[in-house]
Amino acid sequence: MNMFSDIALEIGVKPLLPEAGSEEEAFLKYCKDLVTSLIVNGYKHGKPMSLQVGLVDSSDCNAWAVSADDVDYIGIHVGLISTLRNLSRALISQRYILPHVGHPEAVTPIQFAFDAATISNESSSIGTIQLEDPEREGLAAYLTNIAAAFIVYHEFQHIFNGHTDWLETQGRLALIAELKVPKHDQYVGVTRQTLERDADVGALQLTLVRVLQPIIHWVDGIAVWDVAGRSPMGPPQDLVELVCVGSQLINLMYAKLDDFDSEGVFEADHPHPVVRTLLNVTAVCGILSFRTGQSYDDLVTTTMRSFERSLDAWADTFPSTGHLNVDAIADPDVVNALDGIVDAYATEWSRIQPELDKLKRGGKLAPRNYADNPAFFATS
Ligand SMILES: [Zn+2]
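Count along the sequence shown starting at 1, add 895, and that's the number in our numbering.
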């Protein structure tokens, strides 16, 4: 009996068993490989944790994480393969993201007439696209991989950091779904958003490690990264830009300002996409500063600038739909609301952290305060 299939059907989504040799099978193998090395450090009820990753066909839900008895499950929507690939190719076809890689002038910019949020339903109108320049095409493929890794890591964090188990202690299903799943109510509110924030920060850290391939040293039990020139895929600053874009591909699909409402900001399952964008770019800088000792302010300056170039790529890819642009992320409504939102997450986090820490599958929860790594701030 395939337990993953049973769980998927119970949630109300259709499990999908990929055919041998298909691209779905290759994608599933990639997703499984991402977590294989991580679960060896995880335990539940004193036994090694057991995690099944599977594909489902469910356009309502991009991904989900479930804990049941002694086994955990991650489900990924099969349509993400084409969504992530089409988005990556379109963004790289514009000339803003890493313009020094390959020959961007040889690539025809791709524009879509529909809204980014509907791209998964538009696959028939998109057809097969491929960028004319092999290096830009390779860059798009790498961006697709980063985006997929972030999604799998995000679901993994919901399990590993104890979120799903904790929900069960609260009388809820041990289920976290990105977007809705047919058979269950959406779980919204500041607590849910705080869990999403934790999953994002943990997933960003795992994605940065995968992409930057740092040499890791340990100082006082805390990991310190040597990132300089470690990855054959490019210099760290380029790779950080790709992580900022790739880790938010799905989030940025929905990132428009017109539905931002500072009053009702917690009446959703995830942080508002514009807020999430800003929080995640600054989280990348926080993680890098903490792990490498680089100045946080310098990182914010360079990373925001490179991230803004990627927003230009989004705006040019979806020219008719008022996609999030550089001016919009400085919108006074968002900026004014941001401090209150961050404070609400911090307050909620200090309430639930001790309980989550007991349910975490291994190690300790990552620090919320990235300011004082003993490797770089000597105590006297
Ligand atoms: Zn989530």
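Where a beta carbon is used, it is the ideal one built from N, C-alpha and C, also for glycine.
Set against 7 Å, the gap from the CB of Ala1150 to the closest heavy atom of ligand 1 is not smaller. Lys924 carries a helical assignment under DSSP once its states are collapsed to helix, strand and coil. Taking the CA atoms as reference points, Tyr1037 sits about 30 Å from Met944.
Residues whose Cβ lies closer than 6 Å to any heavy atom of ligand 1, listed in chain order: His1049, His1053, Ile1071, Glu1073, Glu1091 and Ala1094.
Under the three-state reduction of DSSP, Asp965 is assigned to coil, being neither helix nor strand. Contact between the region 1045-1054 and the region 939-958 is present: 3 or more CB-CB pairs across the two stretches fall below 8 Å.
With respect to Gln1006, Pro1214 sits close: the two C-beta atoms are nearer than 8 Å. The criterion of a C-beta distance shorter than 8 Å is not satisfied by Gln1100 and Ser1126. Contact between Thr1059 and Val961 holds, with the beta-carbon distance rounding to 6 Å and staying under 8 Å.
The criterion of a C-beta distance shorter than 8 Å is satisfied by Glu919 and Pro913. DSSP lists no bridge partner for Tyr1037.
With the rule of 3 Cβ pairs closer than 8 Å, the region 981-1000 does not count as touching the region 919-933. Comparing alpha carbon positions, the residue from Thr1086, Ile987, Leu1137 and Ala1008 closest to Asp1164 is Thr1086. Distance check between Ser1018 and each of Ala985, Ile1041 and Ala1042 places Ala985 closest, using alpha-carbon atoms only.
When the five nearest sequence neighbours on each side are left out, the beta carbons in the same chain lying within less than 6 Å of the beta carbon of Arg990 are those of Pro999, in order along the chain.
DSSP, reduced to helix, strand and coil, places Ser1205 within a helical segment of the structure shown.
Beta-bridge analysis with DSSP links Glu1073 to Ala958. The DSSP assignment places complete alpha helix (DSSP H) segments of no fewer than 4 residues inside the region 1116-1170 at 1131-1141 and 1144-1148, in order along the chain.
Ranked by Cα distance from Asp901, the first of Ile969, Leu982, Ala1012 and Gln1248 is Ile969. Within a 10 Å sphere around the beta-carbon of Gln1081 sit fewer than 16 other beta-carbons, which makes this residue exposed.
Proximity to Glu1162 across Asp1228, Gly1084, Leu1144 and Glu1091 peaks at Gly1084, based on C-alpha coordinates. Annotated three-state conformation of Ser1215 is coil, per DSSP. Nearest Cα to Glu1203 within the set Ala921, Ala1225 and Gly1257: Ala1225.
The DSSP assignment places complete alpha helix (DSSP H) segments of no fewer than 4 residues inside the region 1083-1121 at 1085-1107, in order along the chain. Annotation for Gln947: the continuous beta strand (DSSP E) segment containing it runs Ser945 to Asp952.
Between the alpha carbons of Thr1212 and Ser977 lies a gap of roughly 16 Å. Judged by their CB atoms, Ile1236 and Val1170 are nearer to each other than the 8 Å cut-off. Between Ala1012 and Val951, the gap from beta carbon to beta carbon reaches 8 Å or more. Asp1193 has its alpha-carbon roughly 15 Å from the corresponding atom of Asp1133.
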